[in-house]
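Asker: One structure coming up, written as structure tokens, with questions to follow.
Residue numbers (the numbering used here): 1 to 115.
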């Protein structure tokens, strides 16, 4: 069982930056693929970025060049550095952990970007 707790969200002006953190409980964190997803009300949850147990990362086209995902396996933490934020980045952001068919979610954290 893995529990995920997000932090670092809030209100920021367009062009600003935020860093989201997600701390995981449980063991073998390094074996999990970790990701950040986001969801607007009335829309489907979408992948923002993910990173596998190594250092390979994938990004949604809408955030490439602005967001960076990273992980610290000793601290059991995954980060999402968000730069040059845009109003369309406003959403609830969810941390995700996957391994061998198991899929865990955090409760989500709100990011609001004002224009």
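Note that beta-carbon positions come from the ideal geometry of N, C-alpha and C, so glycine has one too.
Quick caveat: nothing in here was measured; it's all calculated off a predicted structure.
(1) Identify, in the order they occur along the chain, each residue of the same chain with its Cβ nearer than 8 Å to the Cβ of residue 6, setting aside the five sequence neighbours on each side.
(2) Starting from residue 10, follow its DSSP beta bridges and name the residues at the other end.
(3) Should the stretch 25-33 be regarded as contacting the stretch 10-17, the criterion being three or more beta carbon pairs within less than 8 Å?
(4) Spatial neighbours of residue 91 within its chain, please: C-beta separation below 7 Å, excluding the five flanking residues on both sides.
(5) Could you give the DSSP three-state label for residue 89: helix, strand or coil?
Answerer: On the basis of the data shown:
(1) Translated into positions along the chain shown, residue 6 becomes position 6. Once the five neighbours on either side are set aside, the close Cβ partners of residue 6 are 20, 21, 22, 93, 94, 95, 106, 107, 108, 109.
(2) Numbered from its first residue, the chain shown carries residue 10 at position 10. According to DSSP, which records beta bridges pairwise, residue 10 is partnered with 111.
(3) no
(4) Locating residue 91 in the chain shown gives position 91, counting from the first residue. If we look at residue 91 and ignore the five residues flanking it on each side, its Cβ neighbours are 38, 39, 40, 111.
(5) For the purposes of this step, residue 89 is taken as the residue at position 89 of the chain shown. Three-state DSSP puts residue 89 in a helix.
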